[in-house]
Each structure stands twice: as structure tokens, then as C-alpha cells.
Amino acid sequence: MIASGFPKMQRFYFDVYDSDGPETDTEGQLLETPERARREALRILHDIAHDEMPDVNLVTITVKIRTDGDRQIFEASLTLTSDWSR
Numbered sequence: 001m002i003a004s005g006f007p008k009m010q011r012f013y014f015d016v017y018d019s020d021g022p023e024t025d026t027e028g029q030l031l032e033t034p035e036r037a038r039r040e041a042l043r044i045l046h047d048i049a050h051d052e053m054p055d056v057n058l059v060t061i062t063v064k065i066r067t068d069g070d071r072q073i074f075e076a077s078l079t080l081t082s083d084w085s086r
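Going by UniProt numbering, the sequence shown opens with residue 1, and the numbers climb by one from there.
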């Protein structure tokens, strides 16, 4: 039973696609709103880019959000390139 005044938590799954291939989230996270899930997806993109970028000149990362019903509700991608000027 949900106490009045408190939002119902929803489970969101964050599947990651990067240079290591797809990684399916099997646990998910309980969050208050889809907007909060969107912010979490963007944080994940940032963290992965930070970890992977020093080792490569090109990285493309995608995070897809699914709900409990396995329905995709959001997708965010980030492509970063770096190269020395000649």
C-alpha cells in the first residue's frame, strides 16, 4: 500500500550499447518519474564516456530505457571523437 502524498516508484531498465557491445540491464532501478529516469540515462552516458574516451579516438554510446513491460520509452546516444591536429 502506498502512503498518500508519496509518488509510486516505477522500475526502469537501462540497456547500454557501446564498444563492448550490448549490456542488458536485468535489475533496473526504482525511480519516481520517467523524467528522473531520463536524467539517469544521461548520467550513465557521461560516466561511460569519461571511462572509455581516454583509450579511443571515437566512441559511440547509447542508453535505452525500458519499463517493466519491456517497452522502450527513451533513447539517448552520445558520439565523441578526438584526434590530434596535423
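We treat Cβ as the ideally placed atom computed from N, Cα and C, and that holds for glycine.
Being a predicted model, the structure only gives us computed values, none of them experimental.
Integer Cβ distance of residue i from residue j, believed to fall under 8 Å
{"i": "Leu58", "j": "Thr81", "result": "5 Å"}
{"i": "Ile61", "j": "Ser85", "result": "Wrong, their Cβ atoms sit about 25 Å apart, outside the cutoff."}
{"i": "Ala41", "j": "Phe74", "result": "6 Å"}
Distance between residue j and residue i (C-alpha atoms, nearest Å)
{"i": "Thr33", "j": "Thr26", "result": "19 Å"}
{"i": "Asp83", "j": "Asp20", "result": "21 Å"}
{"i": "Asp55", "j": "Asp47", "result": "14 Å"}
{"i": "Asp70", "j": "Met53", "result": "30 Å"}
{"i": "Gln29", "j": "Lys8", "result": "13 Å"}
Close-in-space but distant-in-sequence residues of the same chain around residue i (CB under 8 Å, 5 per side omitted)
{"i": "Gln72", "result": "Lys64, Ile65, Arg66"}
Close-in-space but distant-in-sequence residues of the same chain around residue i (CB under 6 Å, 5 per side omitted)
{"i": "Leu31", "result": "Phe12, Ala37"}
Range covered by the beta strand (DSSP E) that runs through residue i
{"i": "Arg71", "result": "Taken as a continuous stretch (DSSP letters only), Arg71 belongs to no beta strand (DSSP E), as it is neither H nor E."}
{"i": "Glu23", "result": "21–23"}
{"i": "Val16", "result": "10–18"}
Residue j beta carbon less than 8 Å from that of residue i
{"i": "Thr24", "j": "Asp15", "result": "yes"}
Extent of the continuous alpha helix (DSSP H) to which residue i belongs
{"i": "Glu52", "result": "34–52"}
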